[in-house]
Amino acid sequence: MRISVIGQGYVGTTMGVVLANAGHNVTGLDIDKKKIDALSKGELYFYEPGLEEMLQQQIKNRRISFTTNARKAVENSDTLFIAVGTPSHDNGNADLTYIKQAARMIGSFMNKEKLIVVKSTVPIGTTEKVKQWIASENQGDSTGKVVMNPEFLREGSALQDALYPDRIVIGSHCEEAAETLRKIYQSWSCPMLTTTPKAAEMIKYASNAFLATKISFINEMAKLCDTLGVDIHDVSKGIGLDERIGPHFLEAGLGYGGSCFPKDVKELLWTADANHNPLRILKEVESINHAQPRYLLDKLKNSLTTLKGKRVAVLGLAFKPHTDDTRESVAFPIIRQLLDEEAGVAVHDPVVHLSKDWLDKCVKQYGDPYRTVAGTDAVVICTNWPQYAELDWAKIREIVRQPLIFDGRNMLKAEQIQSLNFHYEGIGYP
Ligand code: UGA
Numbered sequence: 028m029r030i031s032v033i034g035q036g037y038v039g040t041t042m043g044v045v046l047a048n049a050g051h052n053v054t055g056l057d058i059d060k061k062k063i064d065a066l067s068k069g070e071l072y073f074y075e076p077g078l079e080e081m082l083q084q085q086i087k088n089r090r091i092s093f094t095t096n097a098r099k100a101v102e103n104s105d106t107l108f109i110a111v112g113t114p115s116h117d118n119g120n121a122d123l124t125y126i127k128q129a130a131r132m133i134g135s136f137m138n139k140e141k142l143i144v145v146k147s148t149v150p151i152g153t154t155e156k157v158k159q160w161i162a163s164e165n166q167g168d169s170t171g172k173v174v175m176n177p178e179f180l181r182e183g184s185a186l187q188d189a190l191y192p193d194r195i196v197i198g199s200h201c202e203e204a205a206e207t208l209r210k211i212y213q214s215w216s217c218p219m220l221t222t223t224p225k226a227a228e229m230i231k232y233a234s235n236a237f238l239a240t241k242i243s244f245i246n247e248m249a250k251l252c253d254t255l256g257v258d259i260h261d262v263s264k265g266i267g268l269d270e271r272i273g274p275h276f277l278e279a280g281l282g283y284g285g286s287c288f289p290k291d292v293k294e295l296l297w298t299a300d301a302n303h304n305p306l307r308i309l310k311e312v313e314s315i316n317h318a319q320p321r322y323l324l325d326k327l328k329n330s331l332t333t334l335k336g337k338r339v340a341v342l343g344l345a346f347k348p349h350t351d352d353t354r355e356s357v358a359f360p361i362i363r364q365l366l367d368e369e370a371g372v373a374v375h376d377p378v379v380h381l382s383k384d385w386l387d388k389c390v391k392q393y394g395d396p397y398r399t400v401a402g403t404d405a406v407v408i409c410t411n412w413p414q415y416a417e418l419d420w421a422k423i424r425e426i427v428r429q430p431l432i433f434d435g436r437n438m439l440k441a442e443q444i445q446s447l448n449f450h451y452e453g454i455g456y457p
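So in the numbering used here, the last spot in the sequence shown is 457, and the numbers never skip.
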């Protein structure tokens, strides 16, 4: 099958590569020439384990190529995946500018009947609009069949998630179109669920909202555990063994960040309010999440009395490990607050480099975690990069000014760290 993928972000690039790996002939389209030039050379412009190797393999196999030429990408394909971004407006509502542009562009170059697959996360009812936007540009000559096919891959494990998803959801009013997409995915062995386009759109938002709810739920429990002297790890494990609850997304900490959960929760809240059906649970989920960095900073302030003049090391800038994405990363509100309270800040991340803006604000970044923590009054862990668990904490004990660790991801072994005479605090981890 000849497939074009419009939008070469995380989702579009990963999908293109795995579709090529499944034997399809893929063209990746983007308006950003820099991205296209890099991808054409087999270089990923973002950090995603394993993906670059498969990209290079598929370029070698001549199954994937990249272009900025929209006409070529549309005319030469039978199926088009739309994987452009849907950022938030200030009020939380999703901004559909890029989806609309992509749909109109498809419409203007449509030379025959095609299958259009909406991969982007779009508000309920958008797939129907995509159909209309396509039709508006080609005078209804051949509108194409439009289906909704939400993506569930995570950054940091995008390749594995795209190769082995838990399920594939196909939202379509047309059985023939759904069948074409099932054929495209024939080498995938997971369950496939066919629904209406609106239900598929809703499944995506409800999935992210539910996972965000699990995280805020466990963070609320963790705070109570702090008060009662209970270890949240035991609680997460104990409830997670119940098959109805499941073990995933029960890691207490600084809360969720990234480009998806915060944005999708906001959009769902906006849609619910606009339809006079406010989602009270989700409002709390959001406000609990928002308060998590403050909760850890209060612990830090209780120990240091004042932050003024203190030196604090922040380990981790990415919103989660194995990615260089810092969107909505909790590290930044924490750094901002530390600076506001006149603390000196040194940071480390294995892959993220601070922007000049932050460096101008006197935040120091070091490539070596030991240099980062040397001479500091407290260490705050914001991202659970596995290498932080492997650090020589006995050596760190010798080079810090004060032995205080605030583990915002509950990733270190408290007893081990305490045996080195550190004062250690996690979240729900007495
Ligand atoms: C999320 C979903 O997990 C994907 O299924 C979805 O496809 C994607 O959004 C999307 O909509 O595109 P992602 O944002 O890449 O994926 O990352 P997650 O692994 O879900 O983590 C999100 C945040 O939750 C991170 O900040 C992570 O540190 C935090 N988290 C996760 C916790 O605080 N506790 C947990 O137990 C799990």
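No residue lacks a Cβ here, since even glycine has one placed at the ideal position from N, Cα and C. Because the structure is a prediction, the values reported are computed rather than measured.
Check your understanding: Counting pairs of Cβ atoms below 8 angstroms between the stretch 273-293 and the stretch 240-257, do you hit three or more?
Key -> yes
Review point. What separation, rounded to the nearest whole angstrom, lies between the Cα atoms of Gln364 and Leu306?
Key: Residue 364 sits at position 337 when you count from the first residue of the sequence shown. Residue 306 sits at position 279 when you count from the first residue of the sequence shown. Cα to Cα, Gln364 sits roughly 30 angstroms from Leu306.
Review point. Under 7 angstroms between the Cβ atoms of Ala205 and Val45?
Key: Stepping through the sequence shown from its first residue, residue 205 is reached at position 178. Stepping through the sequence shown from its first residue, residue 45 is reached at position 18. Their beta carbons are not under 7 angstroms apart, which means Ala205 does not touch Val45 by this criterion.
**Study point:** Cutoff 7 angstroms; reference Gly119; Cβ partners in own chain excluding five residues on either side
**Key:** As a working mapping, residue 119 is identified with position 92 in the sequence shown. Correct list, in chain order: Lys293, Glu294, Leu296 and Trp297.
**Study point:** Reduced DSSP category for Glu425 - H, G, I as helix; E, B as strand; rest coil
**Key:** Taking the sequence shown and counting its residues from 1, the one referred to as residue 425 is at position 398. In the structure shown, Glu425 sits in a helix (DSSP, three-state: H, G or I).
**Study point:** 7 angstroms CB neighbourhood of Gly36 in its chain, flanking five on each side removed
**Key:** As a working note, residue 36 is residue 9 in the sequence shown. These residues qualify, in order along the chain: Ala110 and Gly112.
Check your understanding: Near Glu178, what residues of its chain come up, given a Cβ to Cβ distance below 6 angstroms and the 5 sequence neighbours on each side ignored?
Key -> Walking along the sequence shown from the start, residue 178 turns up at place 151. Closer than 6 angstroms at Cβ, skipping near neighbours: Val38 and Lys146.
**Study point:** Proximity test, Leu268 beta-carbon vs ligand 1 heavy atom, cut-off 6 angstroms
**Key:** Within the sequence shown, residue 268 is the residue found at index 241, counting from 1. No, the Cβ of Leu268 stays beyond 6 angstroms of every heavy atom of ligand 1.
Practice item. Determine the burial state of His375: buried for a count of at least 16 other Cβ atoms within 10 Å of its Cβ, exposed for fewer. Key: Counting from one through the sequence shown, the residue named residue 375 turns up at place 348. That one is buried.
Check your understanding: DSSP three-state call for Gly371: helix, strand or coil?
Key -> As a position in the sequence shown, residue 371 is number 344, starting the count at 1. Gly371 falls in the strand class under three-state DSSP.
**Study point:** Proximity of Ala185 and Glu79 at Cβ, strictly below 7 angstroms
**Key:** Here residue 185 refers to the residue found at position 158 of the sequence shown. Here residue 79 refers to the residue found at position 52 of the sequence shown. For Ala185 and Glu79, no; Cβs fall outside 7 angstroms.
Review point. Whole-angstrom Cβ separation of Phe449 and Lys326, contact assumed at under 8 angstroms?
Key: By one-based count along the sequence shown, residue 449 stands at place 422. By one-based count along the sequence shown, residue 326 stands at place 299. Contact flag wrong, Cβ pair sits at about 14 angstroms.
Review point. DSSP three-state call for Gly435: helix, strand or coil?
Key: Stepping through the sequence shown from its first residue, residue 435 is reached at position 408. Here Gly435 sits in coil by DSSP.
Review point. In terms of residue numbering, what span does the alpha helix (DSSP H) encompassing Tyr512 cover?
Key: The structure shown does not extend to residue 512, since the chain is modelled only from 28 to 457, so the question has no answer here.
Exercise for review: Can you tell me the Cβ-Cβ gap for Ile30 and Val53, rounded? I've got them flagged as a contact below 8 angstroms.
Suggested key: Indexing the sequence shown from 1 puts residue 30 at position 3. Indexing the sequence shown from 1 puts residue 53 at position 26. At roughly 5 angstroms, the Cβ-Cβ gap stays under 8 angstroms, so Ile30 and Val53 are in contact.
Exercise for review: From the DSSP output, in three-state form, read off Glu452 for me.
Suggested key: In the sequence shown, residue 452 corresponds to position 425, counting from 1. Strand, per DSSP.
Review point. By Cβ distance, which residues of its chain are closer than 8 angstroms to Lys3, with the 5 residues on each side in sequence left out?
Key: The requested residue 3 is not part of the displayed model; the chain covers only 28 to 457.
**Study point:** ligand 1 heavy atom lying under 6 angstroms from the CB of Arg181
**Key:** Here the question's residue 181 lines up with position 154 in the sequence shown. Result yes, Cβ under 6 angstroms from ligand 1.
Point to revise | Ranges of the alpha helix (DSSP H) found wholly within the stretch 272-357, counting only runs of at least 4 | key: 288-301 and 307-331
Exercise for review: Please confirm whether Val406 and Ala358 have their CB atoms less than 7 angstroms apart.
Suggested key: Here residue 406 corresponds to residue number 379 of the sequence shown, with the count starting at 1. Here residue 358 corresponds to residue number 331 of the sequence shown, with the count starting at 1. Not in contact: Val406 and Ala358 (Cβ atoms no closer than 7 angstroms).
Review point. When you compare only the Cα positions, how much space is there between Thr420 and Arg194?
Key: By 1-based counting over the sequence shown, the position of residue 420 is 393. By 1-based counting over the sequence shown, the position of residue 194 is 167. The sequence as given places Trp at residue 420; Thr does not occur at that position. Looking at the two C-alpha atoms, the distance is approximately 42 angstroms.
Practice item. Consult DSSP for Ser503 and reduce its assignment to one of helix, strand or coil. Key: The chain is shown only over 28 to 457; residue 503 falls outside these bounds and no answer can be derived.
Check your understanding: Got a sec? Which residues, its chain only, sit under 8 angstroms from Lys422 by beta carbon, not counting five neighbours each side?
Key -> Taking the first residue of the sequence shown as 1, we reach residue 422 at position 395. Excluding positions up to five away in sequence, the list reads Tyr397.
Review point. For Leu277, which option in Gly455, Leu142, Ser214 and His116 has the closest C-alpha, if you only look at C-alpha atoms?
Key: Reading the sequence shown from its first residue, position 250 is the one you call residue 277. Considering only alpha carbons, the answer is Gly455.
**Study point:** Buried/exposed call for Pro413, threshold 16 Cβ in 10 Å
**Key:** If you number the sequence shown from 1, residue 413 lands on position 386. Label assigned to Pro413: exposed.
Check your understanding: Below 7 angstroms between beta carbons: does that hold for Pro224 and Thr154?
Key -> As a working mapping, residue 224 is identified with position 197 in the sequence shown. As a working mapping, residue 154 is identified with position 127 in the sequence shown. It is a contact, given that the beta carbons lie within the stated cut-off.
Exercise for review: Could you pull out every residue in the same chain whose Cβ sits closer than 6 angstroms to the Cβ of Cys252, ignoring the five residues on either side in sequence?
Suggested key: If you number the sequence shown from 1, residue 252 lands on position 225. Counting only Cβ-Cβ distances below 6 angstroms, and skipping sequence neighbours, we find Ile259 and Gly455.
Check your understanding: Any idea which residues DSSP pairs Leu220 with across the strands?
Key -> Residue 220 sits at position 193 when you count from the first residue of the sequence shown. Its beta-bridge partners are Val196.
Point to revise | Rounded straight-line distance, which links the Cα of Val157 to that of Glu355 | key: On the sequence shown, residue 355 is found 328 positions in, with the first residue counted as 1. On the sequence shown, residue 157 is found 130 positions in, with the first residue counted as 1. Distance between the alpha carbons of Glu355 and Val157: 29 angstroms.
**Study point:** Alpha-carbon spacing of Ile91 relative to Ile362, whole angstroms
**Key:** As a first step, residue 91 is located in the sequence shown; it is residue number 64 there, counting from the start. As a first step, residue 362 is located in the sequence shown; it is residue number 335 there, counting from the start. C-alpha separation (whole angstroms): 41 angstroms.
Exercise for review: Could you please give me the residues that DSSP links to Lys391 through a beta bridge?
Suggested key: To locate residue 391, count along the sequence shown from 1; it is residue 364. DSSP lists Ala373 as partners of Lys391.
Review point. Any heavy atom of ligand 1 closer than 6 angstroms to the CB of Lys347?
Key: Within the sequence shown, residue 347 is the residue found at index 320, counting from 1. Yes, since a heavy atom of ligand 1 falls inside the 6 angstroms radius drawn around the Cβ of Lys347.
Practice item. Tell me Arg29's beta-bridge partners as DSSP assigns them. Key: Position 2 of the sequence shown, counting from 1, holds the residue named residue 29. According to DSSP, Arg29 bridges with Asn52.
Practice item. In the DSSP assignment, find the alpha helix (DSSP H) that holds Leu66 and state where it starts and stops. Key: By 1-based counting over the sequence shown, the position of residue 66 is 39. Counting along the chain, the alpha helix (DSSP H) containing Leu66 begins and ends at Lys60 to Ser67.
Practice item. Using the DSSP secondary-structure output, state which residues sit across from Met229 in a beta bridge. Key: Position 202 of the sequence shown holds residue 229. Partner(s): none; Met229 has no beta bridge.
Exercise for review: Could you tell me if Ser216 is buried or exposed, where buried requires 16 or more neighbouring beta carbons within 10 angstroms of its beta carbon?
Suggested key: Position 189 of the sequence shown, counted from the first residue, corresponds to residue 216. By the neighbour-count rule (16 or more Cβ atoms within 10 Å), Ser216 is not buried but exposed.
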